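Visitor: Chains as they are written, first to last, in my numbering: chain E, 1 to 290; chain V, 1001 to 1354. Here it is: the structure, laid out below.
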Amino acid sequence: MDIATLIFSALYQFGDAFAFLVLSACGLAVIFGMMGVINLAHGEFIMCGAYVTASTVHAGLPLPLAIMTGAIVAALVGALVELVVIRHLYDRPLDTIVATWGLSLIATQGTLIMVGSTMAGVGTPFGSFQVGDYSYSIYRLVLFASALGVLGGLYMLFNWTRFGVLARATIQVPHMAAALGVDTRLIYSLTFACGAGLAGLAGGLYAPTMTLVPTMGATFIMEAFVTVVIGGADVFLGTAPAGGVLAVVKSAMTSWQGQLFGQIGLLVSVIIVVRVLPKGISGFLLRERT
Amino acid sequence: MKGFLGLFRRLEGPQTVGRGPVFWIVFAIVLAIACAYPLFSDGYTVGNTVYFFIWVFIALSLCLIWGYGGSLSFGQTAFFGIAGYSYGILTLNFGSAYGFTWIALLLAIAIAALFALLLGYFMFFGRIAGVFLGIVTLAVTLMLERFMAQTAGPEWHIGVARLNGFNGMSAMPPLTIPWPGGDIVLFADIGLYYAVLGLLVVVYLGLRILMNSAFGNVIVAIRENPERAEMLGYDVRKYQLITFVIGAALAGLSGVLYTVWGQYITPSSMGMTAAALPLIWVAVGGRSDLTSTLIGTLVVLAAFQALTIYGSQYALVFMGVLLVLTVLIAPNGLVLGVMNLISRLAVRRSNGDA
């Protein structure tokens, strides 16, 4: 194997890991960064997105539309959850963890009871291409592009729209924003729904690549949490660079020792990073500004 | 002698509910009933009660770390699993002669505590607090489960003990007491019952003393306001780390006893569901008090088992609903609320008499 194909292979694995980390983490990061709430039911929103995507594909919808439907349904469920549970717990962050964990138990077990232990999946579209001796899935490149697209979209949403300005104002000084006439409750609801929708999007995008089981959320959450912990509270200055760094660790460890050691590498890096940078990468980058 | 009496005085204090002769009379009656209970019951039911008692240790450990210390840890199940596996590996390799099982028990707990010391050092000295602590401990727990689940191949063994991947380890010897004229083997009924009951009483009273001592008061002060505690000159990190390690040791004890009880341990005892259950018991019982955690754990476990008989699928959904409702409606826990009500009534009545 010559150097070029080797480099391509490494880049491909990096892109794959990066897409997985960023897509699974950004929903969590939006909710955490904007509201300080850790949503332990994050994996279940991903599962929800994947299940809705798969069932709409089975109903005859084309895949891109199905993925959008998955994201929208997850966002609606998120809005409902915010209204019923999360809204009452904003001043008790630890209790939101506990409550969302309760929700995750209900969702996993409820799905198991209602849909059964597995659901017919969706085939991976686009086929594959050949570089050197190895063949690569084109869909993985689509996932990488989607991850970049999501980051770009979020940047535009929070920096260029009125909602983004109001949301950032609400995060910085909630009372002042409220005094200036911002409906902070609505902003929180929308932000939570946005995070849930992003989780649903991740689920929809990954639905064609994995087995659909009620516990599938658990495969995402560890990566998502690790990325958010390392990234810190800011989506752009935290989640994106954390995704980049962790993707290097993960893809290197995975190609060296296999999948599990990729994950162990992630865990070890998170433990070391929290010791060195307790506020994550974004805390480190933003230390001048605060 | 005086210092010893001083310890006893710490059995009641501001950090634990229940004081005065009435409480201790009730305690003595409950203990007497618990001691007499196997005489009126069959081996299977007693073994099942032992199973309940075993979980109380991990619940108390979570109560200590989360309820008193204010740091939500999902790592308890990880320490539970580490100690359980360690006990299995040690006893399968070295057998159970000469009371080695008890040494293995202590060693397994020490291994779990050591692991907690290492993890806790990185977390508390990195000043991780609040929600992040929960996430990091959860990530560690899940990682450990995944790691153990893939150890199915024959290359994964320590000494003669195969780790066996998802099926877990089994057939480790039960606890034995060396005795002249034949060891006493504590099988999972009456023998183990008394051993575990004894441990439970010791741990419960010991934790009461610990929480009402100066150490416990500092821990509660840190929960209430870490900055203030620090300004008063306490090294918050050290206190949190020590609490974390004690909690891990208790969770480890739970894990060893579980392994001894069923003579098996699997990776799923460290999974998401396994990590959620202690949280539910403690939250529903009342996380900021030892007694309510103990009662809550036993009640919720019994309810869970009863539900499982009628519909095991729905039992977990019910537990989730119970957890969410508790957090929303009675954040301090149901049992603690009831106990506070009782003590308030008792106080009012004694005031009326005077």
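By construction, the Cβ of each residue, glycine as well, lies at the ideal position given by its N, Cα and C atoms. Only a predicted model underlies this, so the values are computations on that prediction, with no experimental measurement involved.
Can you tell me whether Lys1238(V) is buried or exposed, with buried defined as 16 or more other CB within 10 angstroms of its CB?
Guide: Counted from its first residue, the second sequence places residue 1238(V) at position 238. By the neighbour-count rule (16 or more Cβ atoms within 10 Å), Lys1238(V) is not buried but exposed.
Visitor: Residue range of the alpha helix (DSSP H) that Phe236(E) falls in?
Guide: Against the first sequence, residue 236(E) aligns to sequence position 236. Counting along the chain, Phe236(E) falls outside any alpha helix (DSSP H), and DSSP gives it neither H nor E.
Visitor: Curious, which full-length alpha helix (DSSP H) runs of at least 4 residues does the stretch 1110-1182 of chain V contain?
Guide: The stretch 1110-1182 of chain V contains these whole alpha helix (DSSP H) runs: 1131-1149.
Visitor: Quick check on Thr118(E): buried or exposed, where buried means 16 or more other Cβ atoms within 10 Å of its Cβ?
Guide: Counting from 1 along the first sequence, the entry for residue 118(E) is found at position 118. Thr118(E) should be labelled exposed.
Visitor: Below 8 Å, how does it come out for the stretch 1100-1112 of chain V and the stretch 1040-1056 of chain V: are there three or more Cβ pairs, yes or no?
Guide: Cβ pair count under 8 Å is below three, so no.
Visitor: Who are the neighbours of Arg92(E) on chain V, taking C-beta pairs under 9 Å?
Guide: Taking the first residue of the first sequence as position 1, residue 92(E) is located at position 92. Correct list: Val1327, Pro1331.
Visitor: So which residues of chain E does Val1324(V) contact, with C-beta pairs closer than 8 Å?
Guide: Locating residue 1324(V) in the second sequence gives position 324, counting from the first residue. Those are Val85, Ala99, Gly102, Leu103, Ile106, listed as they occur along chain E.
Visitor: Check whether the Cβ atoms of Ala193(E) and Ala99(E) sit closer than 7 Å, and answer yes or no.
Guide: Position 193 of the first sequence, counted from the start, is the residue given in the question as residue 193(E). Position 99 of the first sequence, counted from the start, is the residue given in the question as residue 99(E). No.
Visitor: May I ask you to list the residues that DSSP assigns as paired with Ile1184(V)?
Guide: Taking the second sequence and counting its residues from 1, the one referred to as residue 1184(V) is at position 184. In the DSSP output, where bridge partners are listed per residue, Ile1184(V) has Ile1177(V).
Visitor: Along chain E, which residues have their Cβ under 8 Å away from the Cβ of Ala1283(V)?
Guide: For the purposes of this step, residue 1283(V) is taken as residue 283 along the second sequence, with counting starting at 1. What Ala1283(V) touches in chain E: Val98.
Visitor: With 8 Å as the C-beta to C-beta threshold (strictly closer), list the residues of the stretch 1232-1251 of chain V near chain E in chain order.
Guide: Those would be none; no residue qualifies.
Visitor: Which residues of chain E have a Cβ atom closer than 7 Å to the Cβ of Arg1146(V), listed in chain order?
Guide: Position 146 of the second sequence holds residue 1146(V). Leu260, Gln263, listed in chain order.
Visitor: Return the first residue and the last residue of the alpha helix (DSSP H) that Ser137(E) is part of.
Guide: As a first step, residue 137(E) must be located in the first sequence, where it is residue number 137. No alpha helix (DSSP H) holds Ser137(E); the beta strand (DSSP E) holding it covers 134-137.
Visitor: Rounded C-beta distance between Tyr136(E) and Tyr12(E)? I'm assuming under 8 Å.
Guide: Within the first sequence, residue 136(E) is the residue found at index 136, counting from 1. Within the first sequence, residue 12(E) is the residue found at index 12, counting from 1. Contact holds; Cβ gap of about 6 Å.
Visitor: At a CB-CB cut-off below 7 Å, which residues of chain E make contact with Ile1135(V)?
Guide: In the second sequence, the residue the question calls residue 1135(V) occupies position 135. In chain order: Ile38, Phe225, Val229.
Visitor: What is the rounded straight-line gap between the Cα of Asp1235(V) and the Cα of Glu1227(V)?
Guide: Here residue 1235(V) refers to the residue found at position 235 when the second sequence is read from its first residue. Here residue 1227(V) refers to the residue found at position 227 when the second sequence is read from its first residue. Their backbone Cα atoms lie some 10 Å apart in a straight line.
Visitor: For a quick check, are the C-beta atoms of Leu267(E) and Met1143(V) less than 7 Å apart?
Guide: Locating residue 267(E) in the first sequence gives position 267, counting from the first residue. Locating residue 1143(V) in the second sequence gives position 143, counting from the first residue. Yes, the Cβ-Cβ distance between Leu267(E) and Met1143(V) is below 7 Å.
Visitor: Thinking C-alpha only, which one of Val1220(V), Phe1244(V), Gln1263(V) is nearest Asn1167(V)?
Guide: By one-based count along the second sequence, residue 1167(V) stands at place 167. Of the listed residues, the one whose Cα sits closest to Asn1167(V) is Gln1263(V).
Visitor: Taking all protein chains shown into account, decide if Val1347(V) is buried (16 or more other Cβ within 10 angstroms of its Cβ) or exposed.
Guide: Sequence index remark: in the second sequence, residue 1347(V) carries index 347 (1-based). By the 10 Å Cβ count, Val1347(V) comes out exposed.
Visitor: Comparing the C-beta of Leu1142(V) with each C-beta of chain E, is any distance below 7 Å?
Guide: Sequence index remark: in the second sequence, residue 1142(V) carries index 142 (1-based). By this cut-off, Leu1142(V) is an interface position.
Visitor: Pick out whichever of Leu1138(V), Ala1028(V), Arg1208(V), Ser1312(V) has its Cα sitting closest to the Cα of Leu1060(V).
Guide: Within the second sequence, numbered from 1, the residue matching residue 1060(V) stands at position 60. Out of Leu1138(V), Ala1028(V), Arg1208(V), Ser1312(V), Arg1208(V) has the C-alpha closest to the C-alpha of Leu1060(V).
Visitor: Can you find a C-beta in chain A that's less than 7 Å from the C-beta of Gln1150(V)?
Guide: As a matter of chain content, chain A is missing from the structure shown, whose protein chains are E and V.
Visitor: Compare the C-beta of His42(E) with all C-beta atoms of chain V and state if any pair is closer than 7 Å.
Guide: Mapped onto the first sequence, residue 42(E) falls at position 42. So no, His42(E) is outside the interface.
Visitor: List the residues of chain V whose Cβ lies closer than 9 Å to the Cβ of Ala218(E), in chain order.
Guide: Against the first sequence, residue 218(E) aligns to sequence position 218. What Ala218(E) touches in chain V: Leu1142, Gly1271, Met1272.
Visitor: Is Ile1265(V) helix, strand or coil when you go by DSSP?
Guide: Translated into positions along the second sequence, residue 1265(V) becomes position 265. Ile1265(V) falls in the strand class under three-state DSSP.
Visitor: For a quick check, are the C-beta atoms of Ser1292(V) and Gly1081(V) less than 7 Å apart?
Guide: By one-based count along the second sequence, residue 1292(V) stands at place 292. By one-based count along the second sequence, residue 1081(V) stands at place 81. For Ser1292(V) and Gly1081(V), no; Cβs fall outside 7 Å.
Visitor: If we cut at 7 Å on Cβ distances, does Gln1076(V) have a partner in chain E?
Guide: Within the second sequence, numbered from 1, the residue matching residue 1076(V) stands at position 76. No - not a single Cβ of chain E is within 7 Å of the one on Gln1076(V).
Visitor: Can you tell me the Cα-Cα spacing of Ala29(E) and Val52(E), whole angstroms?
Guide: Sequence index remark: in the first sequence, residue 29(E) carries index 29 (1-based). Sequence index remark: in the first sequence, residue 52(E) carries index 52 (1-based). Roughly 23 Å between the two C-alpha positions.
Visitor: According to a CB-to-CB cut-off of less than 8 Å, which residues of the stretch 237-262 of chain E neighbour chain V?
Guide: So the list reads Leu260, given in the order they occur along the chain.
Visitor: Is the distance from the Cβ of Ile46(E) to the Cβ of Gly243(E) below 7 Å?
Guide: Looking up residue 46(E) in the first sequence gives position 46. Looking up residue 243(E) in the first sequence gives position 243. Against a cut-off of 7 Å, the Cβ pair of Gly243(E) and Ile46(E) comes out as no contact.
Visitor: Suppose you measure from the CA of Val1131(V) to the CA of Gly1070(V); what does that come to, to the nearest Å?
Guide: Indexing the second sequence from 1 puts residue 1131(V) at position 131. Indexing the second sequence from 1 puts residue 1070(V) at position 70. Rounded to the nearest angstrom, the two C-alpha atoms are 11 Å apart.
Visitor: Using only the alpha-carbon positions, how far apart do Ala1248(V) and Leu1200(V) sit?
Guide: By one-based count along the second sequence, residue 1248(V) stands at place 248. By one-based count along the second sequence, residue 1200(V) stands at place 200. So the two alpha carbons sit approximately 16 Å from each other.
Visitor: Quick one: grab the DSSP three-state call for Leu1011(V).
Guide: As a working note, residue 1011(V) is residue 11 in the second sequence. In this structure, Leu1011(V) counts as coil in the three-state DSSP scheme.
Visitor: Consult DSSP for Met216(E) and reduce its assignment to one of helix, strand or coil.
Guide: What you label residue 216(E) is simply residue 216 of the first sequence in a count that begins at 1. Correct three-state label for Met216(E): coil.
Visitor: Name the residue from Leu1163(V), Met1172(V), Ser1213(V), Gly1271(V) whose alpha carbon lies nearest to the alpha carbon of Thr215(E).
Guide: Taking the first residue of the first sequence as position 1, residue 215(E) is located at position 215. Selected option, being the one with the closest Cα: Gly1271(V).
Visitor: Give the residues from the stretch 1286-1313 of chain V that approach chain E closer than 8 Å (Cβ to any Cβ), ordered along the chain.
Guide: Result list: Gln1313.
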